[in-house]
Structures are given as structure tokens and as C-alpha cells.
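Notes follow the structure.
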Amino acid sequence: EEGVSEWFVEAWEGQDGCVRGGRIYMSGEITLVPESYTPTENVLVDENGDFYWMWGSEKVPYNKDQNGNYYTTVYGLEDYPLEQIEVYEGETDLDVIREKLSTGEYVLASVSTDDSEVVEEDEIQYHAGDTVTLMGTDGTAYDVTILSLIKEDYYGLTNRMGSNFSFYMAADVFTGIAS
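At position 45 of the sequence shown (counting the first as 1) the number is 275 in my numbering, and the numbers step up by one without a gap.
So this is what it looks like as C-alpha cells:
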């Protein structure tokens, strides 16, 4: 495990000037079951039906695990980082978002932005209301509905490594799925 120790968090929170904070958890081991995913018109598909993205003139396939599921990056958010999201599509009321995420039946999905924080609409891979199946680290399948698309906050709400699929859920739900 990597991360900041609880001792460090407590010491930081005790400093003058620290008003409030919150944890962001992350896993790259939760996968997306491909049969549950309906790509938008923006997702590139090769002659074999596999998804890919372009790096210059090179086709780069989406990464899959040994079971054929797509790798994702899934984050668990405590209240403070959740309050930092900027909704692009779907539910915007933070209280409703918090309530629905706590059920474990909903996730937020990230959409790419450019350097000016404008959504790159030609890269949107799903929409609010879509349902996907995530495979937990213990092999349990979780059907979840995308409640909202949120603008990518690369420096504030990610591990700063790109991912074809990025989802956000409540921290307590995350710890149950990722442990």
C-alpha cells in the first residue's frame, strides 16, 4: 500500500491554517466488464470490435486484464474532495450526489478536459444514466449507474496517471469494493 500515514494526516490537520481536508482513495485493480459498456460514438473501435485511442498515428488498444475486462481507475472520495467536483452532465445537487453515492448503486465518471479546463466533447466515453458493471478486487460484480459526468481535475482528484475509464464513488463504498 502507498499513501500518507494516519499519523501524518493528524499532524497536518493539527497545523494552524488547516481548515479542512479529506481523503481520496484509488485503485487500478477494479475492472469494467466489457459486455456492460455501450461506447459512445466517440470511442474508436477496430475491425475486431476492440476499443483503442490514437497516439499520433499509432493505434493504442485499451488495456484489459486476463479475463478480458478493461482496466479502470476508481477513486473513493470523502466529503471534502467530493465538494471539489465540477459536474458537466447529470445530477448537480451535491446533497443528492452524496446521498446516491452512499448507496453503492451510483458512480461519477470523469470526462477529459483540455488545458483550459474545457471538456473535450469528442472524447466523452459515456453519459449520465448509463449503467456499467465494475468487477471488484474480490471478483464480485457491481452494477452501477453513472449519476454524473464530472470534469477531470487532473491535479486535484486523480493519481496523475491517465486511464481510459475513471470512476468516483463514496469513500466507504470504495473501501468495501477495493479491499
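Cβ atoms here follow ideal geometry from the backbone N, Cα and C, with glycine treated the same way. In this text the structure is predicted, and so the values were computed from the model without any measurement.
Check the DSSP bridge columns for residue i and list the partner residues they point to.
{"i": "Asp373", "result": "Thr363"}
{"i": "Gly320", "result": "Ser378"}
{"i": "Lys257", "result": "The sequence given here places Ser at residue 257; Lys does not occur at that position. Val304, per the DSSP bridge assignment."}
{"i": "Leu274", "result": "Tyr282"}
{"i": "Leu262", "result": "Tyr300 and Leu364"}
{"i": "Lys294", "result": "Tyr300"}
Please identify the residue among the options whose C-alpha is closest to the C-alpha of residue i.
{"i": "Leu377", "options": "Phe397, Gly366 and Thr370", "result": "Phe397"}
{"i": "Tyr301", "options": "Val349, Ser287 and Met256", "result": "Met256"}
{"i": "Leu274", "options": "Gly406, Ile354, Ala371 and Val362", "result": "Ile354"}
{"i": "Thr363", "options": "Asp280, Val263 and Glu259", "result": "Val263"}
{"i": "Asp280", "options": "Gly286, Glu288, Lys294 and Ser287", "result": "Lys294"}
For the alpha helix (DSSP H) containing residue i, name the first residue and the last one.
{"i": "Gly406", "result": "Ala401 to Ala408"}
{"i": "Glu350", "result": "Run containing Glu350: none; DSSP gives neither H nor E here."}
{"i": "Ala358", "result": "Taken as a continuous stretch (DSSP letters only), Ala358 belongs to no alpha helix (DSSP H), as it is neither H nor E."}
{"i": "Pro311", "result": "Asp309 to Leu312"}
{"i": "Val239", "result": "Glu236 to Glu243"}
When burial is assigned at 16 or more other CB atoms within 10 Å of the CB, is residue i buried or exposed?
{"i": "Gln245", "result": "exposed"}
{"i": "Met365", "result": "buried"}
{"i": "Gly171", "result": "In this structure the chain extends from 231 to 409, so residue 171 is not present and cannot be described."}
{"i": "Leu338", "result": "buried"}
{"i": "Asn272", "result": "exposed"}
{"i": "Val403", "result": "buried"}
{"i": "Tyr356", "result": "buried"}
Quick one, are the C-beta atoms of residue i and residue j less than 8 Å apart?
{"i": "Ser340", "j": "Ala400", "result": "no"}
{"i": "Thr268", "j": "Asp360", "result": "yes"}
{"i": "Ile407", "j": "Ile260", "result": "yes"}
{"i": "Glu382", "j": "Ser342", "result": "yes"}
{"i": "Gly258", "j": "Thr303", "result": "yes"}
{"i": "Pro311", "j": "Gly252", "result": "yes"}
{"i": "Asn394", "j": "Tyr318", "result": "no"}
What residue range does the beta strand (DSSP E) around residue i cover?
{"i": "Phe395", "result": "Careful: Phe395 lies outside any beta strand (DSSP E) and carries neither H nor E."}
{"i": "Tyr336", "result": "Tyr336 to Val341"}
{"i": "Glu288", "result": "Glu288 to Pro291"}
{"i": "Tyr282", "result": "Phe281 to Trp285"}
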